[in-house]
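Asks: Below is a structure I'd like to ask you about.
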Amino acid sequence: MTKRKKNILLIIFIFPITIIIGMLYFVKLGGYFILNNAETGIYINDIKNSPELPNRFYEIYNIIYPDALDNNPWKHFLNKTLEKNDSPCACEEAIYISWYPLHTKTSEVILLTSLTEDYASQKECLKYYASKFVFPNKIIGVRKASVEYFHKQIYFLSDSEFTELILMMKNPPFYNKKRFPSKGRAEINNILKKLHNS
């Protein structure tokens, strides 16, 4: 093989690798070009300081959405891209809650999710998202929803009530407790069965 052919093959091999590395760096650092330092600081501080949730909430959430609280950002990205499961990425949900309608283009969400995951875990993003989620009838956050729907503080909810609350976050109109009190009962029972078998 001539020297020229070797150089051409080397270029053909190196060019795509360079493009891929460049794209990975762009995804990793692109969010820093969307938000300035002050916005990033306030946003991350809000996530870190959002009220803690009971451990049972996280356990049941993980039964409904297996591996959703896993802190591997690439796994979430690939699962969503390849539609392997419907587990939401809590840090992505935090973007929609925080920055709607300002930064909700797909490219912005991907970049801001990467930025968020640099500072916060999926668990931290979930507690933030749950504290800001808007339930039917403009009830904001799982704490208020707990009192409104179950007439007790979130720390005193049963497994069934935690499950119902998490499912309401999945699809608020379908699981609207005030309008359809018995809707989703079979799904709740199925999740409880999985929970008690784990």
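Following full-length UniProt numbering, the numbering of the sequence shown begins with 1 at its first residue and continues without gaps.
All residues carry an ideal CB built from backbone N, CA and C; glycine is no exception.
This structure is a prediction, so every number in the text was calculated from the model and none was measured.
Going by beta carbon distance, what residues of the same chain come within less than 6 Å of N62, once the five residues before and after it are set aside?
Replies: As a first step, residue 62 must be located in the sequence shown, where it is residue number 62. For N62, where only same-chain residues beyond five positions count, the Cβ hits under 6 Å are L69.
Asks: Using the Cβ count rule (16 or more neighbours within 10 Å means buried), how would you classify F156?
Replies: The residue labelled residue 156 in the question sits at position 156 within the sequence shown. Counting Cβ neighbours within 10 Å, F156 comes out exposed, since fewer than 16 surround it.
Asks: Which runs of the alpha helix (DSSP H), 4 residues or longer, sit entirely within the stretch 31-111?
Replies: 31-34, 37-48, 55-64, 73-81 and 90-99
Asks: Which word fits Q122, buried or exposed, when buried means at least 16 other C-beta atoms lie within 10 angstroms of its C-beta?
Replies: The sequence position of residue 122 within the sequence shown is 122, counting from 1. It counts as buried.
Asks: Spell out the partners DSSP gives F135 in its beta bridges.
Replies: Reading the sequence shown from its first residue, position 135 is the one you call residue 135. The partner list for F135 (beta bridge, DSSP) reads I139.
Asks: Check for me: the alpha helix (DSSP H) holding I166 runs from which residue to which?
Replies: Within the sequence shown, the letter at position 166 stands for residue 166. Counting along the chain, the alpha helix (DSSP H) containing I166 begins and ends at D159 to K170.
Asks: Against chain B, does E148 count as a neighbour if the rule is that its beta carbon must be under 8 Å from one of theirs?
Replies: Note that chain B does not occur in the displayed structure, where there is just one protein chain.
Asks: For the pair the stretch 88-96 and the stretch 189-196, tell me if three or more CB-CB distances fall below 8 Å.
Replies: Verdict: no, contact absent.
Asks: Is it buried or exposed, T104, if we count other Cβ atoms within 10 angstroms and call 16 or more buried?
Replies: One-based indexing of the sequence shown puts residue 104 at position 104. Exposed, by the Cβ-count rule.
Asks: By the three-class DSSP mapping on this structure, what secondary structure does K6 have?
Replies: Taking the sequence shown and counting its residues from 1, one reaches residue 6 at position 6. Helix at K6.
Asks: Less than 7 Å between C-beta atoms, sequence neighbours within five positions excluded: which residues of the same chain meet that for Y32?
Replies: On the sequence shown, residue 32 is found 32 positions in, with the first residue counted as 1. L115, listed in sequence order.
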